[in-house]
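Protein chains in written order, with the numbering used here: chain S, 2 to 480; chain R, 30 to 255. Quick reminder that beta carbons are idealized off the backbone N, C-alpha and C, glycines included. Every value quoted in this text rests on a predicted model; they were computed, and no experiment measured them.
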Amino acid sequence: MEQSPLHNILNPKSIAFMGGSNSIENVGTSQLLNIVRGGFKGKVYPIHPREKEIMGLKAYPSIMELPEVPDVAIMVIPNHAVPQALEDCGKKGIRRAVIITAGYEEMGAEGRRLQQHLLEIAKKHDIRFLGPNCIGVINAHIGLNTTWFAHLYKPGGVGIISQSGSYVTQTLPYFGHLGLGLSKAISVGNQADIDMVDGLEYLGQDAQTKAIALYIEGLKRPRSFLQTARNITPRKPIVALYVGGTEAGRRAAQSHTGSISGPDELYEGLFRQCGILRARSLTELFDWSLALAQQPLPNGNRMVVLTNSGGPATSMADECSRHGLAVPPFDSQTQERIRGMTPDTASAKNPIDITMNYDLDLIFNRLPELTLSLKDFDGMLFYGIFGPIHFEHKKTMAHGLIHIPIDFLRDWMTKVCQTFVTYPEKYRKPILCSCFCGREDEAVAFLQDAGIPVYPTPGRAVRAMAALWKYQKIRKGND
Amino acid sequence: MEIIKRALDQGRNMLSEHESKELLSTYGIPVTKERIVQDTTQLKEAASEIGYPIVLKAHSPSLAHKTEKGLIRVDIRNDQEASEAFNEIMGKIEGSEKAVLVQEMIKGQRELVVGLTRDPQFGPCVMFGLGGIFTEILKDISFRVAPLEKRDALEMMKDIKGHKILDAVRGMPSADLDALADILITVGRMGLENNEIKEIDINPLILKGSKPVAVDALVVLEAPHL
C-alpha cells in the first residue's frame with residue numbers, strides 16, 4: 002500500500018522550521034518552542050535570515066544551507082516569502098511541508114490565485130503539503146507538537162482532524178480537563194493539497210488511534226470521503242461535527258427535492274451512509290470520541306445506574322430513556338441482595354441510590370461487582386465519586402473541631418479505585434462516570450487516567466453511553 | 030436518452046409529467062396508466078381504456094406544481110364529470126399546445142416522495158421521505174449519495190421519523206420495501222447515467238396496497254456544459 006503523505010509529517014526524523022526567532026512576539030517562536038521542548042527526539046533546524054542561533058540551536062540562513070535533507074519543512078512566514086521557500090524545499094529535496102501561513106483561499110480571489118501558485122510549485126517538485134492556513138500537527142506519542150499551545154497532557158487514543166486550527170490548539174487544556182488523550186491531531190486548514198480524506202485514511206490505519214473525531218466545515222471530496230469513511234467505521238468509530246451552511250447554502254431549485262436539499266441534509270445523509278456518528282456540538286464531539294476510544298462497547302442498551310444521590314440517579318435514568326438506553330429494574334433476587342448490602346434509605350431497584358455514606362467498598366466495588374456480572378445488563382453509569390478533595394475541604398472546615406482521618410480515607414479511595422478501573426475489561430462492559438468535581442479531585446484524575454471517562458454532568462455521561470450503543474449497532478450493521 | 034435530448038433540443042429545462050413518467054418507466058419504475066388527450070372524443074376513449082375513477086391534469090411541456098395552480102381534478106367517476114373537468118382545465122391553460130393528461134386514480138392513503146438532486150460536490154443524491162403536501166411542511170426526509178447499495182436504500186427509509194407508516198398499520202399491508210429500495214437505487218442510477226438530469230421529483234409515490242406507484246413526476250434538466 003502507498004504510504005500516506007501524512008506519515009512523514011507526523012513522524013519526521015528531522016524538521017526545518019521557518020518563522021521562529023528568539024522573540025516570543027511572533028507565533029512561530031511559540032510553535033518552535035513546542036517542537037524543541039515538547040519531547041520530540043528528532044533533529045530541528047531553525048531557518049532564519051539573520052539569527053545565528055535560536056533557542057540554543059544553530060540557525061541556518063536558508064533551506065539550501067542545511068547539512069541534510071529534513072523530512073519536513075514547517076513554514077510560519079509571511080505569504081510573499083512562501084513560494085520561494087517552497088521552491089527551495091524542492092531544490093533541496095524536501096518532499097513534505099506544513100504551511101501555517103494564512104492569506105490564501107480564505108481571503109477570496111487573490112488568495113485563491115496565490116494558493117494555486119503554491120500547488121503548482123509543489124507539483125513541480127513532487128512535494129505534498131498540509132495547509133495553508135492551518136496550525137499543523139500533533140503526534141502525542143512522540144512529543145511532536147507544531148501548534149502554538151503547549152501539549153502537557155497524557156497521550157491517548159483520540160485522533161482529531163479539524164478544519165479549525167483552534168480545535169487542535171486552544172482545546173488542548175480542555176482535553177486535559179476532560180482526561181481526553183490525543184493520539185494524533187491534524188489541522189488541515191484550506192486543504193489545498195492534503196485534505197480531510199488523506200487524514201482519515203491515515204488515522205484509519207494508525208494503530209494508536211482508537212476513535213476519530215472530525216470537525217468539518219466543508220469537504221473537498223465528499224465522494225472519496227464516503228468510500229474511505231465507509232471502510233473505516235466497521236472497525237474504528239468516527240464522530241463528526243459538521244458546521245456549515247444551513248439555509249444560506251440553499252440553491253435555486255425547481256423541484257421539491259432540489260429546494261429541500263440544503264448542505265445540512267446532504268451531510269446528514271452522507272454521515273449515515275458512512276456509519277459516522279454525528280455530533281451536534283463540540284461537547285458531544287469530544288465526549289463521545291473519548292468514550293469510544295477508551296471503553297468496550299455495550300452488547301445491548303440495558304444500563305445499571307449506580308449512584309449515591311437521588312437527583313443524579315433520576316437525571317441519568319431520564320436521559321437514558323430519551324437517548325435509546327433502558328434502565329430496567331433488577332430481578333427480585335438481585336434487589337433483595339442489594340437491600341441486604343445497603344442502608345435502609347437506599348433504593349435497590351435501578352437506579353441504585355445508596356444515599357449519602359462513606360462506605361467506599363460498597364459503591365466502588367461490591368455493588369459494581371454484583372450488578373456488572375448480571376447477564377441482563379450491558380453497561381454502567383456511575384455517579385458517586387467523593388474523592389480526596391472532598392475530604393480536604395472537610396478537613397479545612399473541621400480544623401481544630403473534629404479529626405478527619407484524611408490519610409486513611411485517601412488510601413482507601415485509592416484502593417477501591419484501583420479495583421474499580423479493572424471492571425470494564427473484566428466484565429467486558431463499559432463504565433462511564435459523572436462527577437461535578439474535575440481533576441482537582443485525585444479520584445477523578447485517577448479514574449480518567451486509568452481509562453474511565455468522568456464527565457462533568459450526569460447527562461453527558463449518558464449521552465456518551467448512548468453513542469457507544471449507537472456505534473455498536475452501526476458495527477453490527479443494524480442501525 | 031431520446032426524451033431528454035428532445036426536450037433539450039426544444040430549449041426546455043424540464044420534462045412534462047408524462048415524459049418524466051415515460052423516462053421512469055424505461056428504468057422499470059412503476060407509473061400510472063395515462064394518456065394525453067386534446068378533445069372530448071379522445072377523452073372518452075382514454076377514460077374507458079383506463080377505467081373510472083380517473084384523474085385529469087393539465088398537460089404542458091413546461092408546467093410544474095400543478096396542484097397549487099388548480100390544474101388537477103381527482104376522483105372523476107363518469108363521462109359527464111370527465112367532460113366538465115376537461116373543459117374547466119382546458120380553460121385555465123394558456124398557450125397553443127393545450128392538452129389534458131388522463132390518468133388512472135391510484136387509491137392509497139400513504140404518499141411518499143422519492144427524489145434526486147445533483148450537488149456540485151456530492152454529485153447525484155437520492156431523497157426519500159413523506160410525500161404529498163407533507164414533503165415541504167414536515168421535511169421528514171433523508172438523503173444518500175448515489176450509487177446506493179441495497180443497504181443504503183433500506184436504511185434511508187428507516188431514517189425518517191414517520192418510517193412506521195411503511196409497516197402494516199390501520200388495516201393497510203406493510204410496504205413492499207424491496208420494491209421501494211429498487212426505486213431508490215434506480216433513481217440514483219438515473220442521476221449517474223444522465224448528466225443532464227439535475228433534479229427528479231416523484232411526488233407523490235403512492236402505496237397502492239403494498240406496491241409503490243409514481244403518481245406525479247418531474248424531471249429537471251440542465252444542458253451539459255461544453
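Does any CB atom of chain R fall closer than 8 Å to the CB of residue 481 of chain S?
Because chain S spans 2 through 480 in this model, residue 481 of chain S falls outside it and cannot be assessed.
State the Cα-Cα distance for the pair residue 228 of chain S and residue 275 of chain S, rounded to the nearest angstrom.
8 Å
In or out: residue 42 of chain S buried (at least 16 other Cβ within 10 Å) or exposed?
exposed
Work out the CA separation of residue 125 of chain S and residue 31 of chain S for me, nearest whole Å.
Their backbone Cα atoms lie some 32 Å apart in a straight line.
Name the residue from S:321, S:315 and S:191 whose alpha carbon lies nearest to the alpha carbon of residue 302 of chain S.
If you compare the alpha carbons of S:321, S:315 and S:191 with that of residue 302 of chain S, the shortest gap goes to S:321.
Check whether the Cβ of residue 150 of chain R lies closer than 8 Å to any Cβ atom in chain S.
Taking Cβ atoms only, chain S reaches closer than 8 Å to residue 150 of chain R, which makes this a yes.
Between which two residues does the alpha helix (DSSP H) carrying residue 188 of chain R extend?
179 to 188
I'd like to know if the region 125 to 137 of chain R and the region 188 to 199 of chain R are in contact, where contact means that at least 3 CB-CB pairs between them fall below 8 Å.
no
Please list, in chain order, all residues of the same chain as residue 180 of chain S whose beta carbon is under 6 Å from its beta carbon, the five residues on each side excluded.
449
Run down chain R in chain order and give the residues with a C-beta less than 8 Å from the C-beta of residue 257 of chain S.
142, 144, 164, 165, 230 and 232
Can you tell me where the beta strand (DSSP E) holding residue 140 of chain S begins and where it ends?
In the DSSP assignment, residue 140 of chain S falls within the unbroken beta strand (DSSP E) covering 138 to 140.
Let me check understanding here. Comparing Cα to Cα, which of S:164, S:171, S:133 and S:160 lies closest to residue 151 of chain S?
Cα-wise, what sits closest to residue 151 of chain S is S:171.
Using a threshold of 8 Å, state whether the C-beta atoms of residue 162 of chain S and residue 119 of chain S are closer than that.
no
Of the choices S:289, S:420, S:243 and S:80, whose alpha-carbon is the least far from that of residue 111 of chain S?
Ranking the options by Cα distance to residue 111 of chain S, first place goes to S:80.
Report all residues from its chain with a CB closer than 8 Å to the CB of residue 357 of chain S; omit the five preceding and five following residues, and keep chain order.
309 and 310
Under 8 Å between beta-carbons, which chain B residues line up against residue 196 of chain R? List them in chain order, please.
This model lacks chain B altogether, as its protein chains are S and R.
List, from N- to C-terminal side, the beta strand (DSSP E) runs of 3 residues or more that fit wholly inside the region 202 to 239 of chain R.
226 to 237
Report all residues from its chain with a CB closer than 7 Å to the CB of residue 30 of chain R; omit the five preceding and five following residues, and keep chain order.
52 and 223
Just the chain R side, please: which residues come within less than 7 Å of residue 494 of chain S by C-beta, in chain order?
It is not possible to answer for residue 494 of chain S, since the shown part of chain S is limited to 2 through 480.
Taking its Cβ as the centre, do 16 or more other Cβ atoms sit within 10 Å of residue 175 of chain S, making it buried, or is it exposed?
exposed
Fully enclosed by the region 61 to 90 of chain R, which beta strand (DSSP E) runs are 3 residues long or longer?
Here the runs fully enclosed are 63 to 66 and 83 to 88.
Looking at chain R, which residues of the region 210 to 235 of chain S have a Cβ within less than 9 Å of any of its Cβ atoms?
Hits within the stretch, in order: 219, 220, 221, 222, 223, 224 and 227.
Is the shortest distance between the beta-carbon of residue 249 of chain S and the beta-carbons of chain R less than 8 Å?
Confidence at residue 249 of chain S is low in this model, with a pLDDT of 46, below 50, so the placement of that residue is unreliable and no value is reported for it.
Could you give the DSSP three-state label for residue 465 of chain S: helix, strand or coil?
Per DSSP, reduced to three states, the secondary structure at residue 465 of chain S is helical.
With a threshold of 16 other CB atoms inside 10 Å of the CB of residue 249 of chain S, please say whether the residue is buried or exposed.
Residue placement at residue 249 of chain S cannot be trusted, given a pLDDT of 46 that sits under 50; what the coordinates show is reported in the next sentence. An exposed status is given to residue 249 of chain S, since fewer than 16 other beta-carbon atoms sit within 10 Å of its beta-carbon.
Output needed in chain order: residues of the region 236 to 251 of chain R with a Cβ under 8 Å from some Cβ in chain S.
247 and 249
Does the count of Cβ pairs from the region 44 to 60 of chain R and the region 107 to 116 of chain R closer than 8 Å reach three?
no
Out of curiosity, what's the CA-to-CA distance linking residue 22 of chain S and residue 178 of chain S?
31 Å
Look up residue 134 of chain R in the DSSP assignment and say whether it is helix, strand or coil.
coil
Under the assumption that residue 60 of chain S contacts residue 48 of chain S (Cβ atoms under 8 Å), give the Cβ distance between them as a whole number of angstroms.
7 Å
Which two residues bound the contiguous beta strand (DSSP E) that contains residue 339 of chain S?
Per DSSP, residue 339 of chain S lies in no beta strand (DSSP E); the unbroken alpha helix (DSSP H) holding it starts and ends at 333 to 342.
Can you tell me the Cβ-Cβ gap for residue 277 of chain S and residue 239 of chain S, rounded? I've got them flagged as a contact below 8 Å.
5 Å
Quick one: is residue 238 of chain R buried, meaning 16 or more other Cβ sit within 10 Å of its Cβ, or exposed?
exposed
Please tell me whether residue 170 of chain R has its Cβ less than 8 Å away from any Cβ of chain S.
Closer than 8 Å to some Cβ of chain S, the Cβ of residue 170 of chain R qualifies, so yes.
Any C-beta of chain R sitting closer than 8 Å to the C-beta of residue 261 of chain S?
yes
Please confirm if the region 385 to 392 of chain S is in contact with the region 433 to 443 of chain S, defined as three or more CB-CB distances below 8 Å between the two stretches.
yes
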